[in-house]
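Okay, so the sequence shown: first residue is 1 according to UniProt numbering, each after it adds one. In what follows, a single structure is set out as structure tokens and then discussed.
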Amino acid sequence: MYLSSTTRAEPWHRTPKGAAQVVAASVVVWAVAASVLYILVPGLDTFARLLVFAESVGLTMVACVMVLQRQRRLERLAAGTRWLLTGVIAIPTGYLLGHQIAFLVLGEPMRLVGHQPISLVPILFTVLVGGLGLRHFATREQLAREAAERAEAQRTAIEAQLRLLRTQLEPHMLFNTLANLRGLVREDADRAEAMIDRLIVYLRGTLAASDTESVPLSREFAQLRAYLEIMSFRMGPRLSYRLDLPVALEGVPVPPMLLQPLVENAIKHGLEPKVGPGRIEVIARATEAGIEIHVDDDGLGLPLPAHDPPQDDSPARPESPSYGLRHVRERLQAVYGPAARLELEQRQPTGARSAVFLPR
């Protein structure tokens, strides 16, 4: 419902809105065509009759194109061949059938069209206007396909960056966790066993996230819980946390490991350097626009301006908070587009909030 995992846009002819826009545009185009023909060929017919014939032919042609573009046999052809074949079928069909529809509209008897010498002008004019229209549709489809391919390439690049980010962050976390385990094994075997269990859950979730494009929000929160429990073992009473996920949102799909960099930033740059206890809360809420997820902490606050990390071309260092935040923004853009966003703000009297907004 919320995750737009498909980067391929629905073709214009398969959406009611797109079809309605095409029909409306065709009405205008063929009205202009009738006006031009009336001016260029005086005495051909009255403007009212030309308008009826032009609209009948144009709308019949558009309907024929829509039907043909739904044929799976045509979809398997190359784009150029498919549109050429569509034109060969749609233009004559639109001309002949459209004239018969116009005769019905005008209340005149149906008759054969195109057999008189003067009919050559409207025939050529119909081929010209129809060909230009098909060219427009073909170009529009090509641009949409290229945009979808760019979006897919961007998504693939973002996912590759995610895997790279994991390889950079996990060894550091693993080494620190294993160092803590080494001391706990002799001092408190029960706590060491519990920490190992949490580590297994965390690593299993991380590996599973590498093989999928989306996970339920409940699994994302389970991953955060495993990570926070590991960190609470290391930091002791200095760290407390709360995760709040309504039951209605548990099955909502989200990109895997989306919230992890935000929680890591809150701990590493806000709570760990802080003297005394700290708290982090991750709260998800449904809104009219979609879902809001807040990552709140009462640490040292934002080390950067609250509105955004640096936007220059210089890459952020892996250990800097900008690195994780930029990565989250890029993933949101790649998966959801501009409707999703990440906002940062200072909390009073201390701390920071990272707010993720996901559209429906």
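We treat Cβ as the ideally placed atom computed from N, Cα and C, and that holds for glycine.
Rounded C-alpha distance that separates I39 from Q100: 24 Å
Burial state of residue 364, where buried means 16 or more other Cβ atoms lie within 10 Å: Any property of residue 364 remains undetermined from this structure, which presents the chain solely from 1 to 360.
Cβ-Cβ distance between P256 and V295 below 7 Å: no
G251 Cβ short of 6 Å to the ligand MN heavy atom set: With respect to the ligand MN, the structure offers nothing, as it holds no ligand at all.
For A266 and Q346, the rounded distance between their alpha carbons: 12 Å
C-beta atoms of L300 and P273 nearer than 7 Å: yes
Assigned secondary structure, P246 (DSSP; H/G/I helix, E/B strand, else coil): coil
Uninterrupted alpha helix (DSSP H) stretches inside the segment 235 to 301 (no shorter than 4 residues): 260 to 265
Burial state of P338, where buried means 16 or more other Cβ atoms lie within 10 Å: exposed
Under the three-state DSSP convention, the category P109 falls into: coil
4 or more residues per run - each alpha helix (DSSP H) lying fully within the segment 171 to 239: 189 to 209 and 217 to 235
Per-residue DSSP class, three states only, for V41: coil
Within 7 Å, strictly: CB atoms of E229 and R186: no
C-alpha gap between Q311 and P359, whole angstroms: Low local confidence applies: a pLDDT of 45 at Q311 is under 50, so the model's placement there is unreliable, and no value is given.
Exposed unless 16 or more other CB atoms sit within 10 angstroms - verdict on A151: buried
Rounded C-alpha distance that separates A19 from M66: 8 Å
Distance CB(F221)-CB(M195) smaller than 7 Å: no
Nearest residue (CA-CA) to I283, options S218, L120, K17 and R82: Among S218, L120, K17 and R82, the Cα nearest to that of I283 belongs to S218.
Buried versus exposed, by CB contacts within 10 Å (16 or more), Q348: exposed
Close beta carbons around T350, own chain, < 8 Å, minus the five adjacent residues each side: Cβ neighbours of T350 beyond the five flanking positions: D298, G299, L300 and G301.
Opposing strand residues paired with V356 [DSSP bridges]: I293 and L342
Cβ neighbour criterion (16 or more within 10 Å) applied to I200: exposed
A34 beta carbon less than 7 Å from that of A54: yes
Best match in T46, P42 and V52 for proximity to V28 [C-alpha to C-alpha]: Closest option to V28, Cα to Cα, is V52.
Whole-number beta carbon distance between L224 and L243, since they are thought to touch under 8 Å: 6 Å
Local conformation of I349 per DSSP, three classes: According to the sequence provided, residue 349 is Pro. The question's Ile does not apply to it. Three-state DSSP puts P349 in coil, outside helix and strand.
Endpoints, alpha helix (DSSP H) assigned at residue 404: Past the edges of the chain, shown from 1 to 360, lies residue 404, and the structure says nothing about it.
Alpha helix (DSSP H) segment containing G58, residue limits: F47 to Q69
Rounded C-alpha distance that separates P109 from V121: Note on geometry: alpha-carbon atoms of P109 and V121 lie some 22 Å from one another.
Distance, L203 Cα to A248 Cα: 27 Å
L134 and G87 closer than 7 Å at C-beta: yes
Per-residue burial, L342 [other beta carbons within 10 Å of its own, 16 or more giving buried]: buried
Burial state of G58, where buried means 16 or more other Cβ atoms lie within 10 Å: Answer is buried; the Cβ neighbour count reaches 16.
Local conformation of A24 per DSSP, three classes: helix
Distance, T206 Cα to I291 Cα: 23 Å
Burial state of T177 (16 or more Cβ within 10 Å): buried
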